[in-house]
Ligand SMILES: [Zn+2]
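Numbering (the numbering used here), first residue to last: 4 to 174.
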């Protein structure tokens, strides 16, 4: 099932979570209590090994135990979201190299939090019929939001997620 994140990786993930909250609050003009009203927890595969997760993703968003594209109804005021970050896949892609992992975590957290904000604002359908369309929209928004953020190697990570066949690792 492993390998799993080491303490250093988890610390970077924590920093990326805090930074992505800030970036999204600014970009979407969220109220200061937004994240209190829309709490989410971040887990890694070490904690969530039994979860049934989709293939080929780096992180997965759940709400009340459902996949993000199913069983949503109505406007949400309070709900609990869970983001599961998949240690083995992230470690494989970044080779666990800190200069790449930090922007990589920032990218995936920003992407998942944009999904969350769109659900909470009801900007996407209650039940997502076309999950690919929503994915595309969130992908574009993620890039737009991160464009102004200046952290090392973030441009490399954005290129990577745009499907450019680039080498993400430093060596
Ligand atoms: Zn997504």
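Glycine residues also receive a C-beta, built at the ideal position from the N, C-alpha and C atoms.
- prompt: What do you reckon, are the CB atoms on residue 66 and residue 84 nearer than 7 angstroms?
  reply: When the beta-carbon positions are compared, residue 66 and residue 84 come within less than 7 angstroms of each other.
task: Round the Cβ separation of residue 141 and residue 114 to the nearest angstrom and send it over; I've been treating them as touching at under 8 angstroms.
output: Rounded, the Cβ-Cβ distance is 6 angstroms, consistent with contact.
- prompt: Can you give the Cα-Cα distance for residue 27 and residue 145, rounded to whole angstroms?
  reply: Approximately 9 angstroms between the Cα atoms of the pair.
message: Only counting the same chain, and skipping five residues up and downstream in sequence, which positions put a Cβ closer than 6 angstroms to that of residue 64?
response: If the five residues before and after residue 64 are omitted, its C-beta is found closer than 6 angstroms to the C-beta atoms of 71, 86, 115 and 118, all from its own chain and listed in chain order.
task: Grab me the residues of residue 24's own chain with a C-beta within less than 8 angstroms of its C-beta, minus the 5 sequence neighbours each way, in chain order.
output: The beta carbon of residue 24 lies closer than 8 angstroms to those of 38 and 116 in the same chain, with the five residues before and after it left out.
- prompt: Quick one: Cα of residue 30 to Cα of residue 149, how far?
  reply: Answer to the nearest angstrom: the Cα atoms are 9 angstroms apart.
message: Tell me the DSSP secondary structure of residue 19 in three-state form.
response: Here residue 19 carries a helix assignment [DSSP, helix/strand/coil].
query: Of all residues in the structure, which have a C-beta closer than 6 angstroms to any heavy atom of ligand 1, taken in chain order?
result: Per the Cβ criterion, the list is 114, 118, 138 and 141.
task: Output the distance between the C-alpha atoms of residue 34 and residue 60, rounded to the nearest integer angstrom.
output: Distance between the alpha carbons of residue 34 and residue 60: 30 angstroms.
task: Give the single residue among 5, 12, 7 and 6 whose Cα lies nearest to the Cα of residue 108.
output: It is 12.
message: Quick check: the Cα distance between residue 165 and residue 137, rounded to an integer number of angstroms?
response: One C-alpha to the other measures close to 16 angstroms.
task: Throw me the rounded Cβ distance for the residue 62 and residue 88 pair, which I believe falls under 8 angstroms.
output: Indeed they touch by this definition, with Cβ atoms about 5 angstroms apart.
field: Option nearest residue 112 by Cα separation, candidates 9, 44, 32 and 5
entry: Per the Cα distances, 44.
Between the CA atoms of residue 47 and residue 91 - distance to the nearest angstrom: Roughly 10 angstroms separates the two Cα atoms.
Nearest candidate by alpha-carbon position, reference residue 156, set 110, 120 and 40: Nearest of 110, 120 and 40 to residue 156, Cα basis: 110.
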